[in-house]
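**Student:** Numbering (the working numbering), first residue to last: 372 to 587. Take this structure first; my questions come after.
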Amino acid sequence: MKPPPPVRGRGTAGARQASPAVLAAAAGVVALILAAQVDGALVLNGRAGADGLKAFLTTAGTHTRSLSPGAIGDLLRDTVGSLAGWLRQLADGIDDRPVTPNRETKSSGSENTYAQDIVDLATIRDAVARMAADAARWLARRELLARTVTIKVRYSDFTTLTRQISTEEPLVESADLYRMGCFLLGREKLVWRPLRLLGLGVSGLREPTWRQLPLL
372 MKPPPPVRGR GTAGARQASP AVLAAAAGVV ALILAAQVDG ALVLNGRAGA
422 DGLKAFLTTA GTHTRSLSPG AIGDLLRDTV GSLAGWLRQL ADGIDDRPVT
472 PNRETKSSGS ENTYAQDIVD LATIRDAVAR MAADAARWLA RRELLARTVT
522 IKVRYSDFTT LTRQISTEEP LVESADLYRM GCFLLGREKL VWRPLRLLGL
572 GVSGLREPTW RQLPLL
């Protein structure tokens, strides 16, 4: 595919010269074409592939001095047709499409780093209780259950250990999460040294399965 001929602005007398920033923005606009799909195929001016994109970028880069801002718009429309306006809006940061997460959440947790190492067991239990309550509220807001509880500790020499436990019955109550967290700390002997960091998280998330009570 041959690059399109140089495009000059309407009325060369007094036409503004395209700045490098404008050209860079136009190139960025065209790069966004790669996100446009028609029937599952990436398209440019009716054909799949990067030929049209390469031609546009070649022309924009080669004829910098001859392109006015209006001419850049013309070249963009000639290259991508009706997508030009929409792509230019995207390049300007204008996009009214709703944001939808492309990955489902698989875990959640919180942790605290302490200015001074903690050694008091009552302080450690209080910290686990607060993090368990935070995790329980997070699960409740999203109407999720968790099958795995994870404890993370870090010592003053920056040694970091992570331990977890999974249950057959999913958990959602803060008391159950707290109990599992304390069980891990004791079983794995994680509090035999002063702690610089302590964290608790939940994973193995699932939606609850509600069962309808039989009618009498």
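Even for Gly, the Cβ is constructed at its ideal location relative to N, Cα and C. Everything numeric in this text was worked out from a predicted model, so none of it was measured.
Is DSSP giving I489 helix, strand or coil here?
**Tutor:** strand
**Student:** Consult DSSP for L571 and reduce its assignment to one of helix, strand or coil.
**Tutor:** strand
**Student:** Note down, in chain order, each residue of its chain lying with its Cβ closer than 7 Å to the Cβ of G575, except the 5 sequence neighbours on either side.
**Tutor:** A517, R518, T519, S537
**Student:** Buried or exposed: L343, going by 16 or more other Cβ atoms within 10 Å of its Cβ?
**Tutor:** The structure shown does not extend to residue 343, since the chain is modelled only from 372 to 587, so the question has no answer here.
**Student:** My guess is that L510 and V543 are in contact by the Cβ rule of under 8 Å, so how many angstroms apart are they, rounded?
**Tutor:** Correct: roughly 5 Å between the Cβ atoms.
**Student:** Short of 6 Å in beta carbon distance, which residues of its chain neighbour R534, apart from the five on each side in sequence? Order them along the chain.
**Tutor:** Excluding residues within five positions, the ones whose Cβ falls inside 6 Å are I522, L555, E559.
**Student:** Going residue by residue through the stretch 473-540, where are the continuous alpha helix (DSSP H) segments of at least 4 residues, counting only ones entirely within it?
**Tutor:** 492-513
**Student:** Mind checking S545: buried by the 16 CB within 10 Å criterion, or exposed?
**Tutor:** So S545 counts as buried.
**Student:** Based on DSSP bridge pairs, tell me the residues matched to R468.
**Tutor:** DSSP, once it has assigned bridges, lists no residue as partnering R468.
**Student:** Roughly how many angstroms separate the alpha carbons of M502 and T494, rounded to a whole number?
**Tutor:** 13 Å
**Student:** Expressed to the nearest angstrom, what Euclidean distance is found between the alpha-carbon atoms of L492 and P541?
**Tutor:** 27 Å
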